[in-house]
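These notes concern the structure reproduced below.
Residue numbers (this note's numbering): 42 to 278.
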C-alpha cells in the first residue's frame, strides 16, 4: 500500500514522516512482522500489507498530529492492490493521510464589556474560511450570548478538540471559572455536544442552577438525566 502523507491545511506532501502499521487478526497465533517506513520527498510511504488482516496506521512527525488516530483499513481495502513482485505505477497513491500542525487553533470569543449570562457556542464546519497556519480565530458574540464559530475541518476535525478563549471588546480576558472562588464571576463550562458548547459567565451557584435545569432529577429515585429538548431550546435565537 502506498500512502500519501500531507499537511491538512496546505495540502502539501510532508517528507520524512515515520509511518508504522499494525496488522490485526482475531486469534492471531502467528502475527507477521509489522510494516513500517517513512515518506519520501513526495510524501509517499510504502507499507506491505496482508490481505487477511486489518491494518492500523499511525504516523509520527514533530509539530504535527495525525488527523485520525489511528487510521484503520480492512482487508477489502487491499483487494485492488498489486501483489508482491507485481509491477506498480510510480507515484501510485492508494490512500491519503492528513497531519494537523500543532498547536491546535484557539477560537477567541469577543463578548460585550460587562456581559454576564449564558455563552452559547455553535460550531459549523466551513472549509471556505481556511487560513493555513492561522492559530487564533476571533469570533463575535451577539447581545443574546450566541457565537457561531465557522472553521475548516482540516484544523481540528469534525467534533475535534477546540480551544476556547473569551475576551471583552476592550481586549480584557474573562477568567476561567476554575480559577475563581465560587462567588466570583468567571467563565464556567456547563455542557457540550459535538456541535455546541455552553458556558456561563457568572458565579459558581449560578452555573450549578443552570446545570440543574439541563440535568433535572427524575422521580422516583431522583436520578439526574440530560434534557436534550431544554438544551436545544437554549440555542434557538
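Every residue gets a Cβ at the ideal spot worked out from N, C-alpha and C, and that includes glycine.
For chain B, check one thing: does any of its Cβ atoms lie closer than 8 Å to the Cβ of residue i?
{"i": "residue 105", "result": "Of the protein chains in the structure, only one exists, and it is not chain B."}
Going along the chain, which residues of its own chain have a beta-carbon closer than 8 Å to the beta-carbon of residue i, five neighbours each way excluded?
{"i": "residue 168", "result": "193, 194 and 195"}
{"i": "residue 264", "result": "258"}
{"i": "residue 149", "result": "177, 178, 179, 180, 206, 207 and 208"}
{"i": "residue 220", "result": "227"}
Hey, residue i and residue j: beta-carbon distance below 8 Å or not?
{"i": "residue 205", "j": "residue 235", "result": "no"}
{"i": "residue 106", "j": "residue 136", "result": "no"}
{"i": "residue 210", "j": "residue 153", "result": "yes"}
{"i": "residue 139", "j": "residue 47", "result": "yes"}
{"i": "residue 243", "j": "residue 163", "result": "no"}
Provide the residue span of the alpha helix (DSSP H) that contains residue i, from first to last.
{"i": "residue 271", "result": "269-275"}
{"i": "residue 249", "result": "245-255"}
Would you kindly work out how many angstroms separate the C-alpha atoms of residue i and residue j, rounded to a whole number?
{"i": "residue 270", "j": "residue 231", "result": "16 Å"}
{"i": "residue 84", "j": "residue 190", "result": "32 Å"}
{"i": "residue 224", "j": "residue 188", "result": "26 Å"}
{"i": "residue 134", "j": "residue 111", "result": "19 Å"}
{"i": "residue 199", "j": "residue 247", "result": "For residue 199, the predicted model reports a pLDDT of 44, less than 50, meaning its position is unreliable; a value from the coordinates is still stated below. Distance between the alpha carbons of residue 199 and residue 247 is about 31 Å."}
{"i": "residue 272", "j": "residue 261", "result": "23 Å"}
{"i": "residue 161", "j": "residue 229", "result": "12 Å"}
{"i": "residue 49", "j": "residue 55", "result": "10 Å"}
{"i": "residue 42", "j": "residue 118", "result": "10 Å"}
Just to confirm, does residue i get its C-beta within under 7 Å of one of the non-hydrogen atoms of the ligand ZN?
{"i": "residue 62", "result": "This structure does not include the ligand ZN; it has no bound ligands of any sort."}
Excluding five sequence neighbours on each side, which residues of the same chain lie with their C-beta closer than 7 Å to the C-beta of residue i?
{"i": "residue 51", "result": "173"}
{"i": "residue 78", "result": "60, 86, 87 and 88"}
{"i": "residue 333", "result": "This structure gives no information on residue 333, because the portion of the chain shown stretches from 42 to 278."}
Take residue i and list the residues in its own chain whose beta-carbon comes closer than 6 Å to its own, dropping the five residues that flank it on each side.
{"i": "residue 63", "result": "75 and 97"}
{"i": "residue 147", "result": "177, 204 and 206"}
Residue i lies in the beta strand (DSSP E); which residues open and close that run?
{"i": "residue 141", "result": "136-142"}
{"i": "residue 115", "result": "That residue, residue 115, is in no beta strand (DSSP E); it is neither H nor E in DSSP."}
{"i": "residue 102", "result": "Segment: none, residue 102 is in no beta strand (DSSP E) and carries neither H nor E."}
{"i": "residue 75", "result": "Run containing residue 75: none; DSSP gives neither H nor E here."}
request  = Check whether the stretch 109-122 touches the stretch 203-223, taking contact to mean three or more Cβ pairs, one atom from each stretch, closer than 8 Å.
outcome  = Counting Cβ pairs under 8 Å, fewer than three are found: no touch.
key: the stretch 89-108 / the stretch 176-190 touching (three or more Cβ pairs under 8 Å)   = No: the two stretches stay apart, fewer than three of their Cβ pairs being nearer than 8 Å.
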